[in-house]
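Using full-length UniProt numbering, the letters of the sequence shown correspond one by one to residues 1 to 159.
Note that beta-carbon positions come from the ideal geometry of N, C-alpha and C, so glycine has one too.
All figures in this text were calculated on a predicted structure; none of them were measured in a lab.
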Amino acid sequence: MPTVNPLDTLAIKNVLSRYCEALDTKIFDLLDKVFVQDVAADYPFRQNMKGVDAVRSAIQQRLGPIRTQHALTTQTIVFGEDGKTANSVTYFTGSHFGQGPHEGKVLTAHGRYVDELVCGAVKDGDYEGVPGASGIWRISKRTVLFTARVGDETIMAEY
Numbered sequence: 001m002p003t004v005n006p007l008d009t010l011a012i013k014n015v016l017s018r019y020c021e022a023l024d025t026k027i028f029d030l031l032d033k034v035f036v037q038d039v040a041a042d043y044p045f046r047q048n049m050k051g052v053d054a055v056r057s058a059i060q061q062r063l064g065p066i067r068t069q070h071a072l073t074t075q076t077i078v079f080g081e082d083g084k085t086a087n088s089v090t091y092f093t094g095s096h097f098g099q100g101p102h103e104g105k106v107l108t109a110h111g112r113y114v115d116e117l118v119c120g121a122v123k124d125g126d127y128e129g130v131p132g133a134s135g136i137w138r139i140s141k142r143t144v145l146f147t148a149r150v151g152d153e154t155i156m157a158e159y
């Protein structure tokens, strides 16, 4: 088994954090720097999505104008023998804050992201903030699993 470049662990953590940043800032174009273009994704609210545009659209519809705060917690990253693939499981807490008639209400989702990642070539010397990493990491497959949802579900359906 090849030696794992420890900077790849940081590069993967940055990609997973960028996902939260995209959702919380509503800068959904950042998802192009999280997923490969033909990503396969299953979310509890929409299964069998194919492509980053489908994922982006589903998330935008789901979150609408809801303000969110996503936090990543316990995590494992296991690299493939080729050093260019990895599997990760990352636990998360996502807080969704009600707007308008739901101001003051919160829905908190607890769960985990189960991801398969691939390492691609660096473009124009841009290591995305991790010089020395093996390349640019992206999620090629994602499954989102909820452990629990606590709070008022209506804030997700009514704005």
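Quiz prompt | DSSP three-state assignment for I139, whether helix, strand or coil | solution = strand
Exercise. Report the residue ranges of all alpha helix (DSSP H) runs contained in full by the UniProt domain "SnoaL-like" (8–143); include only those spanning at least 4 residues, in chain order.
Key: 52–63
Self-check item: Validate contact between the segment 136–149 and the segment 34–51 using beta carbons, cut 8 Å, 3 pairs
Solution: yes
Quiz item: When DSSP builds the beta bridges, which residues end up paired with V150?
Solution: T108
Quiz item: Taking C-alpha atoms, which residue in L72, P101 and V122 lies nearest to G111?
Solution: L72
Practice problem: Rank C119, G98 and A121 by C-alpha distance to the C-alpha of T154 and give the top, closest one. | Solution: G98
Self-check item: Inter-residue spacing [alpha-carbon to alpha-carbon] between T74 and V89
Solution: 8 Å
Quiz item: What separation, rounded to the nearest whole angstrom, lies between the Cα atoms of E116 and D8?
Solution: 14 Å
Quiz item: Near N48, which residues of its chain fall below 7 Å by C-beta distance, leaving aside the five closest residues on each side in sequence?
Solution: D42
Quiz item: Going by alpha carbons, who is nearest to G129 out of S95, L30 and A11?
Solution: A11
Quiz item: Apart from the five residues on each side of it in sequence, which residues of its chain come closer than 6 Å, Cβ to Cβ, to C119?
Solution: K84, S134, G135 and W137
Self-check item: Contacts around C20, its chain only, beta-carbon distance under 7 Å, and the 5 residues preceding and following it disregarded
Solution: H70 and L72
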